Amino acid sequence: MDAQTALWIVFGVVIAGFLALDLGYFNRQVHKVELKSAVNQSLFWVAISLGFGFLIFLFLSKELAAEFLSAYVTEKMLSVDNLFVIMLIFSYFKLEEKYHHRVLFWGIMGAIVFRAIFIGFGSIIISQFHWVLYIFGALLLYTGIKLLRDKKEEHVDFEKNHIIRLARRFLPFSPNHHGGRFFVKEGGKVVLTSLFLIMLLVEGTDIIFAVDSIPAVFAISQNPFIVFTSNIFAIMGLRALFFLIESVLHKFHHLQKGLAFILLFIGLKMISGIFDFHLSSIISFGIIMFALASSIVLSIIFPKKI
1 MDAQTALWIV FGVVIAGFLA LDLGYFNRQV HKVELKSAVN QSLFWVAISL
51 GFGFLIFLFL SKELAAEFLS AYVTEKMLSV DNLFVIMLIF SYFKLEEKYH
101 HRVLFWGIMG AIVFRAIFIG FGSIIISQFH WVLYIFGALL LYTGIKLLRD
151 KKEEHVDFEK NHIIRLARRF LPFSPNHHGG RFFVKEGGKV VLTSLFLIML
201 LVEGTDIIFA VDSIPAVFAI SQNPFIVFTS NIFAIMGLRA LFFLIESVLH
251 KFHHLQKGLA FILLFIGLKM ISGIFDFHLS SIISFGIIMF ALASSIVLSI
301 IFPKKI
């Protein structure tokens, strides 16, 4: 058994094991996630992710370790925008805090499945048509420029969302309170609840964000092992990150500019391959970390005017 296969097994055991513990032991009952618990969970997943990166460094190479960490940090930063939209969804539907974890858990389960499908197809396409990476680079440039110019919309009418419209048109929903359930039986028929609709919207949001994040990670590494593991480790810490930054997200208002810079940098890095210009994974990781740190420091030094 080679080192990468062994790390695949370690990765699978860690993810499956902690998902089972999360659902079957730690969160069997619906409850509000307290700040202390969110901090501990967030630190735990960061530590596990860094530990896995260290294993890649030990048993594979420092270049692949740098690619893993770069992809992980990039996905984490992209997740911040994803979290902002999820907060808007929960606020719009007035979802009780005790149900937030339940929706996020099953939303992340779905995200893992869809990311695996997207990354699998992406790997096949890139292996056959390498020039697709230049399209990814151009897409990231466009997204980065768009992020620099756009402002977050804090008031959204989700009733006009295509996912909501299609779901309500073709699926049976109950007008009654969900009581923490996704399905209920009414009049002898199984119908869906508003909680299921919220989860569906969260899942759809993640798929939309994957259109940006997966090309970004492929632009950092074309190794399916690095792309998938970095993506999933970042997603696994998404719930804890949600509860951790829910009350302070607005304070780090320069994160969007930092993310825009990272996307522009990765896009330019990919397109520069046309001219046979290559930057090492270690230098790229340093630039990404500098952009992240700078955006946080600038947000603290120059707080958002209220």
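Residue numbers (full-length UniProt numbering): 1 to 306.
Beta carbons are placed, not taken as given, at the ideal position from N, Cα and C, and that holds for glycine.
All values derive from a computational prediction rather than experimental measurement.
LEU60 sits in coil when the DSSP states are folded into three classes, being neither helix nor strand. LEU192 is bridged by DSSP to PHE173, PHE183.
One alpha carbon belongs to LEU166, the other to PHE105, and they sit about 23 angstroms apart. By the Cβ-count criterion, HIS254 is buried, with 16 or more other Cβ atoms from all chains shown falling within 10 Å of its own Cβ. With a threshold of 16 other beta carbon atoms within 10 Å, GLN256 meets it and is buried. A residue is called buried once 16 or more other Cβ atoms fall within 10 Å of its Cβ, and ARG168, having fewer, is exposed.
Shown here, ASN231 sits in a helix according to DSSP, grouped into three states. Rounded to whole angstroms, the Cβ separation of GLN4 and ALA240 is 28 angstroms, and the two are not in contact under 8 angstroms. Look at GLY110 here: in three-state DSSP terms it is helix. In this structure, the beta-carbon distance from PHE265 to SER280 does not fall below 9 angstroms. Setting aside the 5 residues that flank it on each side, VAL14 is surrounded in the same chain by ILE48, PHE52, each with a C-beta closer than 8 angstroms to its C-beta; the list follows chain order.
For GLU96, the secondary structure class from DSSP, reduced to helix, strand or coil, is coil. Look at LEU69 here: in three-state DSSP terms it is helix.
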